[in-house]
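Everything below concerns the one structure shown next.
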Amino acid sequence: MSKPIMWMFGFQNRSGIVGSVLAYGISYIDGLGGMSAWQWVYLLEVIMTNLFSFVVFAVLRDYPKSLRSNKWLTPRKQEYLEVRLSENAPKTEDAAFSKKEIIASLLNPRTY
Numbered sequence: 001m002s003k004p005i006m007w008m009f010g011f012q013n014r015s016g017i018v019g020s021v022l023a024y025g026i027s028y029i030d031g032l033g034g035m036s037a038w039q040w041v042y043l044l045e046v047i048m049t050n051l052f053s054f055v056v057f058a059v060l061r062d063y064p065k066s067l068r069s070n071k072w073l074t075p076r077k078q079e080y081l082e083v084r085l086s087e088n089a090p091k092t093e094d095a096a097f098s099k100k101e102i103i104a105s106l107l108n109p110r111t112y
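Last residue of the sequence shown: 112 in full-length UniProt numbering, with the numbers rising by one and none dropped.
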């Protein structure tokens, strides 16, 4: 578990560095298109985040025993991850969910 946490904190720090450099560079386009620099920072970072979300959606697997996970997880690792999932985590047979479940989770005070 230490390596994933190391990578997470490493990328988190690097994203702060990249975001700061981008904000510095974007600050020089102040007034372009009638928008101030801070508006450009928000606009461009939102666009990049949304574009990257499609990459994450395509790459990130939904659960260990999916067909897409077979490419990079051995059956032994799939079993290990399946055991480590909590009881409420989606299983291979729970691929669908209903509107009632969404409403129940939004009305649950523990959510907030």
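Glycine included, C-beta positions come from ideal geometry on N, C-alpha and C.
Are the CB atoms of residue 29 and residue 40 within a distance shorter than 8 Å? yes
Measure the C-alpha to C-alpha separation of residue 51 and residue 78 and round it to an integer number of angstroms. 29 Å
Alpha-carbon spacing of residue 106 relative to residue 48, whole angstroms: 29 Å
What does a CB cutoff of less than 7 Å around residue 82 pick up in its chain, not counting 5 residues either side in sequence? Here the set comprises 64 and 65.
Is it true that the CB of residue 19 sits closer than 8 Å to the CB of residue 45? In this structure, residue 45 sits near residue 19, with a CB-CB distance shorter than 8 Å.
CA-CA distance, residue 76 and residue 2? One C-alpha to the other measures close to 20 Å.
Straight-line Cα distance separating residue 85 from residue 104: 22 Å
Do you know offhand how far residue 108's Cα is from residue 60's? 28 Å
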